[in-house]
Amino acid sequence: DGSELPSDALVGATALRHGDGVHVHEASVQLVVELDGGQQKSVEISRCAALAKLREMLQLDASFGFFTSDGRLLSDDLTVLTAGLSQGDHVVVRKVSMVLMLIHGDGPAKCV
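Take 2 as the starting number for the sequence shown in this note's numbering and just add one per residue.
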């Protein structure tokens with residue numbers, strides 16, 4: 002609503018702190034892909050899925066490939082794991098972070 006947050010306000014809605022213990026109710030990951038031209042598509046994966054299934058969920062044609070950060074093409078039958086977590090797992094919070102995207106006027110977005 003435009004009001005300024007106090008400087009000591011907790012960042013993030015999760016209110017997690019270092020050392021907190023949490024119980025995993027559902028393990029999921031949000032996958033965002035950027036197409037040529039800058040269009041983005043996203044899908045939430047709450048189970049293990051093969052890349053071919055992700056391509057179908059994202060409505061991408063067969064020419065769209067998934068690559069590793071070093072440029073290697075991944076096989077369609079490769080299974081994508083949701084951070085290796087399963088329902089019922091216990092984890093301990095070691096680091097709390099968030100990505101803040103800033104857009105200044107009509108300029109490019111900056112992430113911090």
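Idealized CB from N, CA, C, for every residue including glycine.
- Where Ala63 is concerned, there is no enclosing alpha helix (DSSP H), because DSSP gives it neither an H nor an E.
- Leu79 sits in coil when the DSSP states are folded into three classes, being neither helix nor strand.
- Taking all protein chains shown into account, Leu79 has fewer than 16 neighbouring C-beta atoms within 10 Å of its C-beta and is therefore exposed.
- Within the model, the alpha-carbon separation for His91 versus Val34 is close to 29 Å.
- One Cα belongs to Ser76, the other to Leu52, and the distance between them is close to 8 Å.
- The alpha-carbon of Gln31 is positioned some 12 Å away from that of Leu59.
- For Leu52, the three-state secondary structure derived from DSSP is helix.
- Between Leu74 and Gly66, the beta carbon gap of about 5 Å places them in contact (Cβ cut-off 8 Å).
- Ranked by Cα distance from Ser64, the first of Arg95, Leu36, Asp21 and Gly20 is Leu36.
- One Cα belongs to Gln40, the other to Asp62, and the distance between them is close to 14 Å.
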